[in-house]
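Asker:
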Ligand code: DGL
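In the working numbering, the protein residues as written are 61 to 327.
Okay, structure coming up:
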């Protein structure tokens with residue numbers, strides 16, 4: 061992202077990107093390529109992280125409140141909920157509460173089943189995402205003819221945060237979280253793994269190296285970026301890229317390693 065400016069550009073659409081932490085950056089990086097002229101505000105609810113291990117009603121209330129505050133403050137034209145846990149749990153409540161358009165991030169079960177040759181896929185997400193009725197409905201509607209194993213991970217999102225903060229996570233720790241994805245039964249092996257948490261593409265190289273056999277990992281970010289570009293079509297194109305902003309709800313400064321990583325995203 062070269063030649064960024066700090067100017068306030070009145071014509072550019074404002075896009076709010078929301079996640080519990082830095083996972084939504086994997087969505088932001090694709091959206092920003094699709095629509096480089098927009099003004100981006102990234103809100104990381106690190107004060108509420110991790111979302112994946114929390115009681116549902118409490119989390120819905122928190123997400124609606126935090127996103128509502130960010131909407132009031134930044135007046136976005138579009139909100140991208142760059143978090144599977146928040147989307148599968150609270151997208152309906154967000155849409156009921158606010159009139160701004162929302163783009164959610166939900167497990168890419170349909171494309172995974174369509175492209176699987178062995179018709180055996182895995183959905184790797186937080187414990188919340190894989191346990192929710194929303195995800196089970198996606199499987200009922202879009203996975204016919206395909207065997208789906210749901211793999212809930214308690215720790216992977218935190219591992220991704222730790223890695224970015226410069227605290228390395230061992231191969232053994234990551235391997236044990238993804239092991240359940242690899243099913244070999246009836247002469248059919250898992251050949252496709254849905255990354256159903258936006259933190260996980262940050263660990264993709266580790267996943268590839270630690271996979272029990274080669275599989276295709278599906279990152280939903282490019283599809284979300286296309287959806288955002290569609291929704292913003294017709295909105296004025298401004299003079300160039302505007303420096304994005306990131307807000308941490310904890311109010312704490314990012315660790316030095318994370319700060320360097322954020323700089324590479326233009327923040
Ligand atoms: N990045 C999030 C997701 O896509 C959530 C991680 C967490 O807060 O547990 O589900």
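Glycine included, each C-beta is placed from N, C-alpha and C at the ideal position.
(1) Quick one: any contact between the stretch 181-200 and the stretch 246-257, if contact means 3 or more CB pairs under 8 Å?
(2) Would you call the stretch 69-87 and the stretch 99-114 touching, i.e. three or more CB-CB distances under 8 Å?
(3) Classify residue 201: buried if its beta carbon has 16 or more other beta carbons within 10 angstroms, exposed otherwise.
(4) Are the CB atoms of residue 276 and residue 86 nearer to each other than 8 Å?
(5) Could you check whether the stretch 202-215 touches the stretch 169-181, counting it as contact only if at least three pairs of C-beta atoms, one from each stretch, sit closer than 8 Å?
(6) Please report the straight-line C-alpha distance between residue 161 and residue 154, rounded to a whole angstrom.
(7) Compute every distance between the C-beta of residue 261 and the non-hydrogen atoms of ligand 1, then say whether any falls below 7 Å.
(8) Spatial neighbours of residue 147 within its chain, please: C-beta separation below 6 Å, excluding the five flanking residues on both sides.
(9) Just list the beta strand (DSSP E) runs in the stretch 252-294, keeping only unbroken ones of 3 residues or longer that don't cross its boundaries, in chain order.
(10) Please list the segments of the alpha helix (DSSP H) lying wholly inside the stretch 218-251, counting only runs of 4 or more residues, in order along the chain.
(11) To the nearest angstrom, how far is the alpha carbon of residue 214 from that of residue 197?
(12) When you compare only the Cα positions, how much space is there between residue 310 and residue 130?
(13) Considering only residues of the same chain and omitting the five flanking positions on each side of residue 222, which have a CB-CB separation below 8 Å?
(14) Comparing alpha-carbon positions, which option in 118, 138 and 115 lies nearest residue 91?
Answerer: Quick answer:
(1) yes
(2) Between the stretch 69-87 and the stretch 99-114 there are three or more C-beta pairs closer than 8 Å, enough to call the two in contact.
(3) Against the chain shown, residue 201 aligns to sequence position 141. Exposed is the call here.
(4) As a first step, residue 276 is located in the chain shown; it is residue number 216 there, counting from the start. As a first step, residue 86 is located in the chain shown; it is residue number 26 there, counting from the start. Cβ distance not < 8 Å, so residue 276 and residue 86 don't count as in contact.
(5) yes
(6) By 1-based counting over the chain shown, the position of residue 161 is 101. By 1-based counting over the chain shown, the position of residue 154 is 94. Near 10 Å, if we compare the C-alpha coordinates of residue 154 and residue 161.
(7) In the chain shown, the residue the question calls residue 261 occupies position 201. Every heavy atom of ligand 1 is 7 Å or more from the Cβ of residue 261, so no.
(8) For this step, residue 147 is matched to residue 87 along the chain shown. Cβ neighbours of residue 147 beyond the five flanking positions: 141, 164, 165 and 166.
(9) Complete beta strand (DSSP E) runs here, min 3: 252-256 and 276-278.
(10) 231-238
(11) By one-based count along the chain shown, residue 214 stands at place 154. By one-based count along the chain shown, residue 197 stands at place 137. C-alpha separation (whole angstroms): 22 Å.
(12) Here residue 310 refers to the residue found at position 250 of the chain shown. Here residue 130 refers to the residue found at position 70 of the chain shown. Answer to the nearest angstrom: the Cα atoms are 14 Å apart.
(13) As a working note, residue 222 is residue 162 in the chain shown. Result list for residue 222: 228 and 229, in chain order.
(14) The residue given as residue 91 occupies position 31 in the chain shown. Nearest C-alpha to residue 91: 138.
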